[in-house]
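Residue numbers (this note's numbering), protein chains in the order written: chain A, 3 to 117; chain B, 5 to 117.
The structure under discussion appears below in the form of structure tokens.
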Amino acid sequence: GAGVSQSPRYKVAKRGQDVALRCDPISGHVSLFWYQQALGQGPEFLTYFQNEAQLDKSGLPSDRFFAERPEGSVSTLKIQRTQQEDSAVYLCASSLAQGAGQPQHFGDGTRLSIL
Amino acid sequence: AQTVTQSQPEMSVQEAETVTLSCTYDTSESDYYLFWYKQPPSRQMILVIRQEAYKQQNATENRFSVNFQKAAKSFSLKISDSQLGDAAMYFCAYFSGTYKYIFGTGTRLKVLA
């Protein structure tokens, strides 16, 4: 497809379960970002990949959060032992290259609800 | 640390009228980029307009224009001839040459028919 694709669009999980969220960036985009967007708030940075290298994971809230992009294209955000405060929309974005104010192209997000 | 502030949680505008959304930011950098993104209920963030800090000329994209005041660290978005499809959350974002975007808390724009 032409845009960033995220799946699933909605995910409901029970507290304590593990979840995996997928992001397919735009083909050829080097940079990939994950954001967490709480209800009524702006997106907050979680982690950044340049190709397969995770260059910054400083925004990950805890060691229960893990992201990977093994072949430099598709990325997965995994949350282990989910808790209610993990409920949010998780946005993925990609851009052609790093720097120079390259605009980020966002997916539709995954709305995660933890019961 | 850089911050972005949007002080208007919600704004309303009559169809065909003009509305201005406010954004202020704090930074010690001299070179950076500012963006306005639109997020409709479908959740996809869509780039509205982009401003490079070293350019004094205000960016314009059709009905959307900005008033960039670098000294005041202000970056407002003006929407002219508002349309029903403009209704959305609008986020101001700052980017300073690394890779992190810093977003404001957003302004919900309602367009009244």
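Ideal placement from N, C-alpha and C gives every residue a C-beta, glycine not left out.
Note that the coordinates shown come from a computational prediction; the quantities given were computed from them, not determined experimentally.
- prompt: Are the beta-carbon atoms belonging to F107 of chain B and F95 of chain B less than 8 Å from one another?
  reply: As a position in the second sequence, residue 107 of chain B is number 103, starting the count at 1. As a position in the second sequence, residue 95 of chain B is number 91, starting the count at 1. For F107 of chain B and F95 of chain B, yes; Cβs fall inside 8 Å.
So, V52 of chain B versus Y36 of chain B, is the Cβ gap smaller than 8 Å? For the purposes of this step, residue 52 of chain B is taken as residue 48 along the second sequence, with counting starting at 1. For the purposes of this step, residue 36 of chain B is taken as residue 32 along the second sequence, with counting starting at 1. Cβ distance not < 8 Å, so V52 of chain B and Y36 of chain B don't count as in contact.
Fill in: Between the CA atoms of C25 of chain A and Q56 of chain A - distance to the nearest angstrom
By 1-based counting over the first sequence, the position of residue 56 of chain A is 54. By 1-based counting over the first sequence, the position of residue 25 of chain A is 23. C-alpha of Q56 of chain A to C-alpha of C25 of chain A: approximately 15 Å in a straight line.
request  = Give every residue of the same chain whose Cβ lies closer than 7 Å to the Cβ of R90 of chain A, excluding the five residues on either side of it in the sequence, and list them in chain order.
outcome  = Start at 1 with the first residue of the first sequence, and residue 90 of chain A comes out as number 88. Sequence inspection shows Ala at residue 90 of chain A; the Arg mentioned does not correspond to that position. The answer, listed in chain order, is Q38, Q39, A40, L114.
Could you tell me whether the Cβ atoms of N53 of chain A and V76 of chain A are closer together than 8 Å? For the purposes of this step, residue 53 of chain A is taken as residue 51 along the first sequence, with counting starting at 1. For the purposes of this step, residue 76 of chain A is taken as residue 74 along the first sequence, with counting starting at 1. No. Outside cutoff.
Can you name, in chain order, every residue of its own chain whose Cβ lies under 7 Å from the Cβ of S7 of chain A, other than the five neighbours on each side?
Within the first sequence, numbered from 1, the residue matching residue 7 of chain A stands at position 5. Result list for S7 of chain A: D26, G109, in chain order.
Are the CB atoms of Q55 of chain B and F72 of chain B nearer to each other than 8 Å? Indexing the second sequence from 1 puts residue 55 of chain B at position 51. Indexing the second sequence from 1 puts residue 72 of chain B at position 68. Yes, the Cβ-Cβ distance between Q55 of chain B and F72 of chain B is below 8 Å.
Please check the pair V115 of chain B and L88 of chain B, which I expect to be a contact at CB under 8 Å, by giving their CB distance rounded to whole angstroms. Mapped onto the second sequence, residue 115 of chain B falls at position 111. Mapped onto the second sequence, residue 88 of chain B falls at position 84. The C-beta distance from V115 of chain B to L88 of chain B rounds to 5 Å, short enough to meet the 8 Å contact threshold.
Considering only the alpha carbon of each residue, which of A:K16, A:L93, A:W36 lies closest to E87 of chain A? In the first sequence, the residue the question calls residue 87 of chain A occupies position 85. The candidate whose alpha carbon is nearest that of E87 of chain A is A:K16.
* What are the start and end residues of the beta strand (DSSP E) that includes E53 of chain A? -> Residue 53 of chain A sits at position 51 when you count from the first residue of the first sequence. Correcting the residue type first, residue 53 of chain A is Asn in the shown sequence and not Glu. No beta strand (DSSP E) holds N53 of chain A; DSSP gives it neither H nor E.
With which residues is S9 of chain A paired in a DSSP beta bridge? Along the first sequence, read from residue 1 onward, the residue named residue 9 of chain A stands at position 7. For S9 of chain A, which the question treats as bridged, DSSP gives the partners A:R24.
Next on the checklist: Just list the residues that DSSP pairs N71 of chain B with in beta bridges.
Outcome noted: What you label residue 71 of chain B is simply residue 67 of the second sequence in a count that begins at 1. Its beta-bridge partners are B:S80.
On the three-state DSSP scale, how would you describe L98 of chain A?
-> As a position in the first sequence, residue 98 of chain A is number 96, starting the count at 1. Collapsing the DSSP output to three states places L98 of chain A in coil.
### chain A contacts made by the region 44-74 of chain B, where a contact means CB separation under 7 Å
S46, R47, Q48, M49, L51, R54, E56
Please check the pair V23 of chain B and V17 of chain B, which I expect to be a contact at CB under 8 Å, by giving their CB distance rounded to whole angstroms.
Mapped onto the second sequence, residue 23 of chain B falls at position 19. Mapped onto the second sequence, residue 17 of chain B falls at position 13. About 4 Å; that satisfies the 8 Å criterion.
* **Spatial neighbours of D20 of chain A in its chain, beta-carbon cut-off 8 Å, leaving aside the 5 residues before and after** => Numbered from 1 along the first sequence, position 18 holds the residue referred to as residue 20 of chain A. Closer than 8 Å at the Cβ level, and outside the excluded window around D20 of chain A, lie K80, I81, Q82, R83, T84.
> Can you tell which of A:A4, A:T112, A:A69, A:R11 has the C-alpha that lies nearest to the C-alpha of Y50 of chain A?
Replying inline: As a working mapping, residue 50 of chain A is identified with position 48 in the first sequence. Of A:A4, A:T112, A:A69, A:R11, the residue nearest in Cα terms is A:A69.
### Message
Given this structure, state the Cα-to-Cα distance separating A20 of chain B from Q104 of chain A, to the nearest angstrom.
### Response
Stepping through the second sequence from its first residue, residue 20 of chain B is reached at position 16. Stepping through the first sequence from its first residue, residue 104 of chain A is reached at position 102. Distance between the alpha carbons of A20 of chain B and Q104 of chain A is about 32 Å.
* Asked: If you compare alpha carbons, which of B:A117, B:S34, B:Q12 is closest to S86 of chain B?
  -> The residue you call residue 86 of chain B lines up with position 82 of the second sequence. Comparing Cα positions, the closest option is B:A117.
Spatial distance of S97 of chain A from T109 of chain B (CA atoms):
Counting from one through the first sequence, the residue named residue 97 of chain A turns up at place 95. Counting from one through the second sequence, the residue named residue 109 of chain B turns up at place 105. Computed Cα separation, rounded: 22 Å.
- Which of helix, strand or coil DSSP assigns to L113 of chain B: As a first step, residue 113 of chain B is located in the second sequence; it is residue number 109 there, counting from the start. Residue state, collapsed to three classes: strand.
Worksheet item: Which whole-angstrom value describes the C-beta separation of Y105 of chain B and F47 of chain A, a residue pair presumed to lie in contact below a C-beta threshold of 8 Å?
Response: Residue mapping note: residue 105 of chain B aligns to position 101 of the second sequence, counting from 1. Residue mapping note: residue 47 of chain A aligns to position 45 of the first sequence, counting from 1. At roughly 7 Å, the Cβ-Cβ gap stays under 8 Å, so Y105 of chain B and F47 of chain A are in contact.
Open item on the list: DSSP three-state label for Q62 of chain A, please.
Closed with: Locating residue 62 of chain A in the first sequence gives position 60, counting from the first residue. It should be noted that the sequence gives Leu, not Gln, for residue 62 of chain A. Correct three-state label for L62 of chain A: coil.
Kindly list the residues whose CB is nearer than 8 Å to the CB of P72 of chain A, restricted to its own chain and excluding five residues on each side of it in sequence; keep chain order. The residue you call residue 72 of chain A lines up with position 70 of the first sequence. Result list for P72 of chain A: E54, in chain order.
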